[in-house]
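At the far end of the sequence shown sits residue 1089, using my numbering, and the numbering has no gaps.
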Amino acid sequence: MINTNNINTNGFTNKTMEHLLIDSGAIYKNFGLPDQALVGATSGGNEFDVKTKMRQIKVDGVKAANAKGLELVDSVTTTLKCTFIEMTEEILASALTANIDRTADDNYDVISGKIQIDDSDYIKNLALVGTLSGSSKPIIILIENALCLDGLQLKTQDSKDNTVAVTFTAHADPANPDALPYKIYYPKITSDAFTLSSAAVSSGNIVLTMSDIVNETLYKDGFTVTVADKADAITAIKKGNDAKTIEITLTTAPTSGQSVTISYAKPADTSKQVKSENGVVLEDVAVTNVINN
């Protein structure tokens, strides 16, 4: 029987407003490198596209068109289409994979085509830097070794905004050909801190109730527990049956009515810090009385 308890008929939650991609973003070349620079203003948005070409291994007798585990990736094509309203010589040259001669004419930079692709024609990286509603940090979509393969089509019109669409294609690095040439840097949502809500003794263990779902991997580093005003060693720590709880086992289980306290000092080793499922780190917790009825 299908259990429909706690089932919603739409995906809107109190976290929805933290994960909205706002506005068109800005285009940078060589993002994060010493020669990082804005490419130019856009109009009408930008398009990041990853197309994966797969093929299905055919097995006699399998009637389903697709069978789990039998897909192979043949190729992945990654592009970033930018519609520029700002018309610079660098944008035009990038679209044409052309040269810019800045010395031949006193009044003009001369852009001329060529028939050979040089290593310098590849843009080290091209980044779409946008705004995510729940973070003060931007979301960054980055393609590597970008080159325009589609050329340039420029149409000018009266009484309209004249733009030029340039599609850049990412290319694998010969030094690491198996790595796909794109990355998405998605900011951790930290608008809601990960905190201790309550602490209580249950069946001889300390159960910490947290403000959000707890990460599966936990370490006892940083926790200090006292029972009847004496330090007690932690022998085990794990995520509780409730996803928002941490269960701590002590060397000596507290008896009912004993005073119990717990505190937490965030370890310097980031791999051993307590985190939420979303990666938000638990900050220091002052000495807290543990309920022990």
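Backbone N, C-alpha and C define an ideal beta-carbon position, used for all residues, glycine too.
Here the structure is a predicted model, which means the values were calculated and not measured.
Straight-line gap, residue i to residue j (C-alpha atoms, nearest Å)
i     : j     : result
T812  : I907  : 47 Å
I939  : I853  : 30 Å
A822  : L943  : 18 Å
Y1015 : V1021 : 14 Å
T1031 : A1049 : 11 Å
V855  : V960  : 48 Å
L868  : D974  : 14 Å
S1067 : S1052 : 35 Å
G1018 : I1002 : 15 Å
T1005 : L817  : 32 Å
Y904  : P830  : 28 Å
N958  : A861  : 46 Å
F964  : K859  : 40 Å
P977  : I798  : 43 Å
Q832  : I1087 : 55 Å
L834  : S931  : 22 Å
T1041 : V1010 : 7 Å
T838  : F844  : 14 Å
Q1054 : V1023 : 7 Å
Assigned secondary structure, residue i (DSSP; H/G/I helix, E/B strand, else coil)
i     : result
K951  : coil
E814  : helix
T809  : coil
T800  : coil
K979  : strand
K1071 : strand
For residue i, the residue or residues it bridges with in DSSP
i     : result
K956  : Answer by DSSP bridge pairing: none, since K956 is not bridged.
T848  : V872
F827  : In DSSP, F827 forms no bridge with anything.
E843  : K877
V855  : In the DSSP output, where bridge partners are listed per residue, V855 has none listed.
N1085 : T1057
A942  : I919
V1077 : K1071
T965  : T875, L943
L834  : Y824
Member of the options whose CA lies at the smallest distance from the CA of residue i
i     : options                   : result
N842  : A1029, P983, L924, L976   : L924
N941  : A1027, T1084, S890, Q1054 : S890
S1072 : K984, A837, A1024, G1053  : K984
K825  : A1024, I937, V1023        : I937
A995  : V1083, S871, A894         : V1083
K1062 : T1051, A894, V1056, V1076 : V1076
G926  : D902, V1010, P970, Y981   : Y981
N895  : T884, D917, D870, F880    : D917
K1026 : T800, I1058, S1052, I1002 : I1058
K933  : E814, H967, L1078, G807   : E814
L1046 : V1056, M883, A1039        : V1056
T874  : H967, L892, V1086, S993   : H967
L876  : A863, K847, I911          : K847
Q912  : A837, L945, F990          : L945
K864  : R851, V872, A971, F827    : R851
N1074 : N802, S1007, K1034        : S1007
Entirely enclosed beta strand (DSSP E) segments - the segment 869 to 935, minimum 3 residues: 895 to 897, 906 to 908, 919 to 928
Ordered list of beta strand (DSSP E) runs contained in the segment 986 to 1060, each at least 3 residues: 992 to 998, 1001 to 1006, 1019 to 1023, 1026 to 1028, 1030 to 1035, 1041 to 1046, 1056 to 1060
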